[in-house]
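Report on the following structure.
2 protein chains.
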Amino acid sequence: MKTGIITIGSELTSGGIEDANTALIAREFHRRGWQVAATMSVSDDETMIKKALDFILPLTDAVVITGGLGPTADDITTAAVARAFNLSLYADEDVLNHIKTIFAKYGLKWTENNAKQAVFPQGAQILANPVGTAAGFSLMINGKVLAVIPGVPAEVRKMLPEAVLPLLYRSFPQETQYLAVRTLKLFGISEAAVDQSMAGIDLPGVDVGFYPRFPENHLVLSARDTLADTAWFMVNKAAAEVLKSLGPYVFADDEEILEGVVAGLLKEQGRTVSVAESCTGGLITDRLTDIPGSSMYLERGLVTYSNRSKTDLLGVPETVLQKHGAVSEETARLMAEGVRKLAGTDLGLATTGIAGPDGGSEAKPMGTVFIAIADGAATICRKFSYDWERRRIKIVASQAALIMLKRYLTGEATHEGK
Amino acid sequence: MKTGIITIGSELTSGGIEDANTALIAREFHRRGWQVAATMSVSDDETMIKKALDFILPLTDAVVITGGLGPTADDITTAAVARAFNLSLYADEDVLNHIKTIFAKYGLKWTENNAKQAVFPQGAQILANPVGTAAGFSLMINGKVLAVIPGVPAEVRKMLPEAVLPLLYRSFPQETQYLAVRTLKLFGISEAAVDQSMAGIDLPGVDVGFYPRFPENHLVLSARDTLADTAWFMVNKAAAEVLKSLGPYVFADDEEILEGVVAGLLKEQGRTVSVAESCTGGLITDRLTDIPGSSMYLERGLVTYSNRSKTDLLGVPETVLQKHGAVSEETARLMAEGVRKLAGTDLGLATTGIAGPDGGSEAKPMGTVFIAIADGAATICRKFSYDWERRRIKIVASQAALIMLKRYLTGEATHEGK
Numbered sequence: 006m007k008t009g010i011i012t013i014g015s016e017l018t019s020g021g022i023e024d025a026n027t028a029l030i031a032r033e034f035h036r037r038g039w040q041v042a043a044t045m046s047v048s049d050d051e052t053m054i055k056k057a058l059d060f061i062l063p064l065t066d067a068v069v070i071t072g073g074l075g076p077t078a079d080d081i082t083t084a085a086v087a088r089a090f091n092l093s094l095y096a097d098e099d100v101l102n103h104i105k106t107i108f109a110k111y112g113l114k115w116t117e118n119n120a121k122q123a124v125f126p127q128g129a130q131i132l133a134n135p136v137g138t139a140a141g142f143s144l145m146i147n148g149k150v151l152a153v154i155p156g157v158p159a160e161v162r163k164m165l166p167e168a169v170l171p172l173l174y175r176s177f178p179q180e181t182q183y184l185a186v187r188t189l190k191l192f193g194i195s196e197a198a199v200d201q202s203m204a205g206i207d208l209p210g211v212d213v214g215f216y217p218r219f220p221e222n223h224l225v226l227s228a229r230d231t232l233a234d235t236a237w238f239m240v241n242k243a244a245a246e247v248l249k250s251l252g253p254y255v256f257a258d259d260e261e262i263l264e265g266v267v268a269g270l271l272k273e274q275g276r277t278v279s280v281a282e283s284c285t286g287g288l289i290t291d292r293l294t295d296i297p298g299s300s301m302y303l304e305r306g307l308v309t310y311s312n313r314s315k316t317d318l319l320g321v322p323e324t325v326l327q328k329h330g331a332v333s334e335e336t337a338r339l340m341a342e343g344v345r346k347l348a349g350t351d352l353g354l355a356t357t358g359i360a361g362p363d364g365g366s367e368a369k370p371m372g373t374v375f376i377a378i379a380d381g382a383a384t385i386c387r388k389f390s391y392d393w394e395r396r397r398i399k400i401v402a403s404q405a406a407l408i409m410l411k412r413y414l415t416g417e418a419t420h421e422g423k
Numbered sequence: 006m007k008t009g010i011i012t013i014g015s016e017l018t019s020g021g022i023e024d025a026n027t028a029l030i031a032r033e034f035h036r037r038g039w040q041v042a043a044t045m046s047v048s049d050d051e052t053m054i055k056k057a058l059d060f061i062l063p064l065t066d067a068v069v070i071t072g073g074l075g076p077t078a079d080d081i082t083t084a085a086v087a088r089a090f091n092l093s094l095y096a097d098e099d100v101l102n103h104i105k106t107i108f109a110k111y112g113l114k115w116t117e118n119n120a121k122q123a124v125f126p127q128g129a130q131i132l133a134n135p136v137g138t139a140a141g142f143s144l145m146i147n148g149k150v151l152a153v154i155p156g157v158p159a160e161v162r163k164m165l166p167e168a169v170l171p172l173l174y175r176s177f178p179q180e181t182q183y184l185a186v187r188t189l190k191l192f193g194i195s196e197a198a199v200d201q202s203m204a205g206i207d208l209p210g211v212d213v214g215f216y217p218r219f220p221e222n223h224l225v226l227s228a229r230d231t232l233a234d235t236a237w238f239m240v241n242k243a244a245a246e247v248l249k250s251l252g253p254y255v256f257a258d259d260e261e262i263l264e265g266v267v268a269g270l271l272k273e274q275g276r277t278v279s280v281a282e283s284c285t286g287g288l289i290t291d292r293l294t295d296i297p298g299s300s301m302y303l304e305r306g307l308v309t310y311s312n313r314s315k316t317d318l319l320g321v322p323e324t325v326l327q328k329h330g331a332v333s334e335e336t337a338r339l340m341a342e343g344v345r346k347l348a349g350t351d352l353g354l355a356t357t358g359i360a361g362p363d364g365g366s367e368a369k370p371m372g373t374v375f376i377a378i379a380d381g382a383a384t385i386c387r388k389f390s391y392d393w394e395r396r397r398i399k400i401v402a403s404q405a406a407l408i409m410l411k412r413y414l415t416g417e418a419t420h421e422g423k
């Protein structure tokens, strides 16, 4: 089944608000295997509403329209839709009484313009609105289904599952398919490189989506079938194929996030960690503390920004800072070892680098970052070179540090997570 | 001038991501008095791209297309646009070399599919991309201007003002009015309250936009005139009016960000600060270190997550932690005083609270946060209560802490920045 979405409102075409309804509706349709041919936004303008309908109806079997059902003068969707199909309007007594009841219940003053919300095109089937005064309606236009609902996001979130989806199930029973989706989250590999290694892989019946989410790349595999088991079998088979070549770059699945994966491993292994950050400026600790219960595994985080704080708090000798510099493998190792000892944790994680824009040199350009992990027995340290601006260097360096920690905990070979 | 926007990408029609580009572009056009007739999203599908162009071009003078310019197989926008207007494709040597330079510079492995990003329709004028490998291009189609740029939001934010708007100014000089825009950034006041105090204010010829940006609210004032001075006069007059009633809630203007304002005040006053964070988990230090040259004013940041670290690093007596709790005014004050003394800075900033979801109690529910500033002579402390989930509590608490620091530095009376 092909679908279309038209969101109506001058606040959309003026950029006054971002349109959250389109993505929500499109996602729910896509999951059910209902292709969204096109989505459109037009202002509260009868001509444009008609043009949008004339464009989208021939391309689709079902169209959802949101917005323009309010009581005010600029809300003209119902009238515009009726005229577009030469339908007269009628007032629905039950809806009118329902609206008046709501007004009475909330002690709102009744004004006649509210009666407008009880007017519908001839032949319309009313879609009840459990959270607002504006009821929606549906029309059958030469075998195509048109569903019109309010644009208030809270009302869309309610009426989509309770009114629109059931309407479409009833209208197109043969179109109900099960959708299986798996998201593989990658770090340390470019979009082009992913594309290349995917090119060699044959994934019959599986749809592959690629979503860059700096500093990550998300690979979304989806398959549809009338049987859930079949859909999941196809997707899991495809994921196994992909993991053969891209496995080392995949750090999380579906809803998992990197800090959650690391937190899970630390809790599971009963290990504690402390962090000493320089160039990442607290971002690693901030990410680790985004996970509920982080006090179970994070003892403390130190942002040792000055040389003095590196010496006072972590015991990095001034001689080392002078000889090798604050941004050096030697300093990174001593920071990780120092914070671990000081905090009495199982592990110490440290970063030092040049986030820029200043402070770079020929030998150590902006974007040079050293990341170290100490466990008492040994200390590993890796050097990274990033060519981003300051904030992105902080983000990608915090990501690389958490990836290193994850690989340490899982016993994977660490490798540069550029 | 009438304009249209087409965003291309299966991630849009599948609801994989929300379309931020459309609202951004529509907003910039609207402010310039360029009506947006319609916006559309279609998947990476040649037929649909052509249909979208056939629909929108007759209604508009200029159309912006975003997305589908990447190196991967599903990126087909350039080829689809060329075929829609029967234009052949050519490879641009300069762009190709530019892309290869970027790859060499970043040490990325060159793969042939990247050459695709140097291919353009005959007659296209290239729109340089300062932040990515995918250049955009523009075409003149029977007097109508078509601008095609990448869909990566960061690249759109850069190429819209630097390439697309100048192109439209050149193409439609008579449409070029001077636009004066001022953004007032507010914190600590609700949308409804802003709306109320705005209702009483008359701002002739000035367009007012309201954009919630958690935890901030942005009020955008814009005015257009053929004379820049007149446009600025109108906007500045309006801003002065607004500041009369909302001044205390405005912490930044236009491109300024809170951490930048605080950094500027610290540098200007030659003051240094150190931070002790509990519930904010490093976020305050992370934000302070986002500003270049932050080592000038930030000596260190301590995320004293455990009680032990509060005692060891900040000298908060165990008796205080036992009697009043880690989340208490007493602890917050001692944390601020402790970190200041330890770091030898002019100021000490501290937060302690319950980010949840666990750890709340009848007396101290989730969302309770204490923020303290110590300057050696005195220590101020404020209690805040937030009704958000964990991440939002961290964000709004870090905001309230930086607002408190800003007000301390400017000598404004501090007040609850809820």
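Residue numbers (the working numbering), protein chains in the order written: chain W, 6 to 423; chain R, 6 to 423. Built from N, CA and C at the ideal position, the CB exists for glycine as well. Remember, it's a predicted structure, so these values are computed and weren't measured experimentally.
Task: Residues that residue 229 (chain W) bridges to, as DSSP identifies them - done: For this step, residue 229 (chain W) is matched to residue 224 along the first sequence. In the DSSP output, where bridge partners are listed per residue, residue 229 (chain W) has W:184.
Task: Under the three-state DSSP convention, the category residue 218 (chain R) falls into - done: On the second sequence, residue 218 (chain R) is found 213 positions in, with the first residue counted as 1. Strand.
TODO: Would you identify the three-state DSSP class for residue 10 (chain R), choosing helix, strand or coil?
DONE: As a working mapping, residue 10 (chain R) is identified with position 5 in the second sequence. Judged by DSSP in its simplified three-state form, residue 10 (chain R) adopts strand.
Task: Reference residue 227 (chain W), options W:217, W:238, W:218 and W:221, closest by Cα - done: Residue mapping note: residue 227 (chain W) aligns to position 222 of the first sequence, counting from 1. Nearest of W:217, W:238, W:218 and W:221 to residue 227 (chain W), Cα basis: W:238.
Task: Interface positions of the segment 17-29 of chain W facing chain R (Cβ-Cβ less than 9 Å), listed along the chain - done: Answer set for the segment 17-29 of chain W: 17, 18, 19, 20, 21, 22, 23, 24, 25, 27, 28 and 29.
Task: Chain-ordered neighbours of residue 395 (chain R) on chain W, where CB pairs are closer than 8 Å - done: Against the second sequence, residue 395 (chain R) aligns to sequence position 390. Here the neighbours are 295 and 297.
Task: Contact between the segment 176-186 of chain R and the segment 92-108 of chain R (3+ Cβ pairs under 8 Å) - done: Because the criterion of three Cβ pairs below 8 Å is not met, the segment 176-186 of chain R and the segment 92-108 of chain R do not touch.
TODO: Check distances from the C-beta atoms of the segment 189-212 of chain W to those of chain R and list, in chain order, the residues that come in under 9 Å.
DONE: Hits within the stretch, in order: 195, 196, 197, 198, 199, 200, 201, 203, 204 and 212.
Task: chain W residues whose Cβ lies nearer than 7 Å to that of residue 362 (chain R) - done: Taking the second sequence and counting its residues from 1, the one referred to as residue 362 (chain R) is at position 357. Simply 297.
TODO: Please name the residue in W:203, W:217, W:44 and W:218 whose C-alpha comes closest to that of residue 252 (chain W).
DONE: Residue numbering aside, residue 252 (chain W) sits at position 247 when the first sequence is read from its first letter. Distances from the alpha-carbon of residue 252 (chain W) to those of W:203, W:217, W:44 and W:218 put W:203 closest.
TODO: Could you confirm whether any beta carbon from chain W is found closer than 7 Å to the beta carbon of residue 44 (chain R)?
DONE: Translated into the one-based positions of the second sequence, residue 44 (chain R) becomes position 39. Taking Cβ atoms only, chain W reaches closer than 7 Å to residue 44 (chain R), which makes this a yes.
Open item on the list: Does residue 130 (chain W) come out as helix, strand or coil in the three-state DSSP assignment?
Closed with: For this step, residue 130 (chain W) is matched to residue 125 along the first sequence. Secondary structure at residue 130 (chain W): strand, using DSSP grouped into helix, strand and coil.
Open item on the list: Is there a Cβ of chain W sitting closer than 7 Å to that of residue 305 (chain R), yes or no?
Closed with: Within the second sequence, numbered from 1, the residue matching residue 305 (chain R) stands at position 300. Answer yes: the Cβ-Cβ gap between residue 305 (chain R) and chain W drops below 7 Å somewhere.
Open item on the list: Quick check on DSSP: helix, strand or coil for residue 395 (chain W)?
Closed with: Along the first sequence, one-based indexing puts residue 395 (chain W) at 390. In the three-state reduction of the DSSP assignment, residue 395 (chain W) falls in the helix class, which pools H, G and I.
TODO: Let me know the secondary structure DSSP gives residue 356 (chain W) once reduced to three states.
DONE: Within the first sequence, numbered from 1, the residue matching residue 356 (chain W) stands at position 351. If DSSP states are grouped into helix, strand and coil, residue 356 (chain W) belongs with the strands.
- [ ] Check the Cβ of residue 6 (chain W) against every Cβ in chain R and list those closer than 9 Å, keeping chain order.
- [x] Taking the first residue of the first sequence as position 1, residue 6 (chain W) is located at position 1. Ordered by position in chain R, no residue passes the 9 Å Cβ test against residue 6 (chain W), which lies about 14 Å from the chain.
Task: Cα-Cα separation between residue 90 (chain W) and residue 137 (chain R), rounded to whole angstroms - done: Here residue 90 (chain W) refers to the residue found at position 85 of the first sequence. Here residue 137 (chain R) refers to the residue found at position 132 of the second sequence. Cα to Cα, the separation comes out at about 47 Å.
Task: Span separating the alpha-carbon of residue 262 (chain R) from that of residue 266 (chain W) - done: The count along the second sequence starts at 1 and reaches residue 262 (chain R) at position 257. The count along the first sequence starts at 1 and reaches residue 266 (chain W) at position 261. Using only the alpha carbons, I get a separation of about 32 Å.
TODO: Identify each residue in the segment 46-65 of chain R for which the Cβ-Cβ distance to at least one residue of chain W is less than 8 Å, and report them in chain order.
DONE: Taking 8 Å as the Cβ-Cβ cut-off against chain W, the residues of the segment 46-65 of chain R that qualify are 46, 47, 48, 53, 56, 57, 60 and 64.
Task: CB contact check: residue 31 (chain R) to chain W, cutoff 7 Å - done: Locating residue 31 (chain R) in the second sequence gives position 26, counting from the first residue. Between residue 31 (chain R) and chain W, the shortest Cβ-Cβ separation is below 7 Å.
Open item on the list: Counting only beta-carbon separations shorter than 7 Å, does residue 258 (chain W) have a partner in chain R?
Closed with: Sequence index remark: in the first sequence, residue 258 (chain W) carries index 253 (1-based). Not a single CB atom of chain R sits nearer than 7 Å to the CB of residue 258 (chain W).
Open item on the list: Please report the distance separating the alpha-carbon of residue 366 (chain W) from that of residue 286 (chain W).
Closed with: The sequence position of residue 366 (chain W) within the first sequence is 361, counting from 1. The sequence position of residue 286 (chain W) within the first sequence is 281, counting from 1. The straight-line gap from Cα to Cα measures roughly 20 Å.
Task: Bounding residues of the beta strand (DSSP E) (the contiguous stretch that carries residue 388 (chain W)) - done: Walking along the first sequence from the start, residue 388 (chain W) turns up at place 383. Its beta strand (DSSP E) spans residues 384-390.
Task: residue 421 (chain W), DSSP secondary structure in three states - done: For the purposes of this step, residue 421 (chain W) is identified with residue 416 of the first sequence, where counting begins at 1. Note that residue 421 (chain W) scores 42 on pLDDT, short of 50, meaning its location in the model is unreliable; the coordinates nonetheless yield the value given after this. It is coil, neither helix nor strand.
Task: Proximity to residue 270 (chain W) [Cα-Cα], best of W:291, W:256 and W:167 - done: Translated into positions along the first sequence, residue 270 (chain W) becomes position 265. Comparing Cα positions, the closest option is W:256.
Task: Proximity winner among W:316, W:121, W:289 and W:175, relative to residue 354 (chain W) (alpha-carbon distances) - done: The residue labelled residue 354 (chain W) in the question sits at position 349 within the first sequence. Nearest Cα to residue 354 (chain W) within the set W:316, W:121, W:289 and W:175: W:289.
Task: Chain-ordered chain W contacts of residue 286 (chain R) [CB-CB under 9 Å] - done: Taking the first residue of the second sequence as position 1, residue 286 (chain R) is located at position 281. Going along chain W in sequence order, the residues near residue 286 (chain R) (Cβ under 9 Å) are 287, 290, 291, 292, 293, 294, 295, 299, 303 and 306.
Open item on the list: Alpha carbons only, please: which of R:245, R:242, R:223 and R:212 is nearest the one belonging to residue 229 (chain R)?
Closed with: The count along the second sequence starts at 1 and reaches residue 229 (chain R) at position 224. When only C-alpha atoms are compared, the closest one is R:212.
Open item on the list: Quick check: the segment 293-309 of chain W against the segment 367-374 of chain W, are at least 3 beta-carbon pairs closer than 8 Å?
Closed with: In short, these stretches do not touch, since the Cβ pair count stays below three.
Task: Reference residue 304 (chain R), options R:176, R:20, R:275 and R:331, closest by Cα - done: Along the second sequence, read from residue 1 onward, the residue named residue 304 (chain R) stands at position 299. With respect to the C-alpha of residue 304 (chain R), the residue from R:176, R:20, R:275 and R:331 having the closest C-alpha is R:275.
Open item on the list: For a cutoff of 7 Å on Cβ pairs, would you count residue 76 (chain R) as touching chain W?
Closed with: Taking the first residue of the second sequence as 1, we reach residue 76 (chain R) at position 71. So, interface residue.
TODO: Establish whether the CB of residue 113 (chain R) and some CB of chain W are separated by less than 7 Å.
DONE: For this step, residue 113 (chain R) is matched to residue 108 along the second sequence. Cβ-Cβ to chain W under 7 Å: yes for residue 113 (chain R).
Task: Residue-chain proximity (residue 41 (chain R), chain W), Cβ-Cβ < 7 Å - done: If you number the second sequence from 1, residue 41 (chain R) lands on position 36. True, the Cβ-Cβ gap to chain W drops below 7 Å.
- [ ] Using a Cβ cut-off of 7 Å (strictly closer), state whether residue 119 (chain R) contacts chain W.
- [x] Along the second sequence, read from residue 1 onward, the residue named residue 119 (chain R) stands at position 114. Under the Cβ distance rule, residue 119 (chain R) counts among the residues neighbouring chain W, one pair being separated by less than 7 Å.
Task: Identity of the residue in R:386, R:380 and R:352 nearest residue 332 (chain R) by Cα - done: As a first step, residue 332 (chain R) is located in the second sequence; it is residue number 327 there, counting from the start. Nearest neighbour of residue 332 (chain R) by Cα position, chosen from R:386, R:380 and R:352, turns out to be R:386.
Open item on the list: Please identify the residue among W:317, W:168, W:330 and W:242 whose C-alpha is closest to the C-alpha of residue 349 (chain R).
Closed with: Counted from its first residue, the second sequence places residue 349 (chain R) at position 344. Ranking W:317, W:168, W:330 and W:242 by Cα distance to residue 349 (chain R) puts W:317 first.
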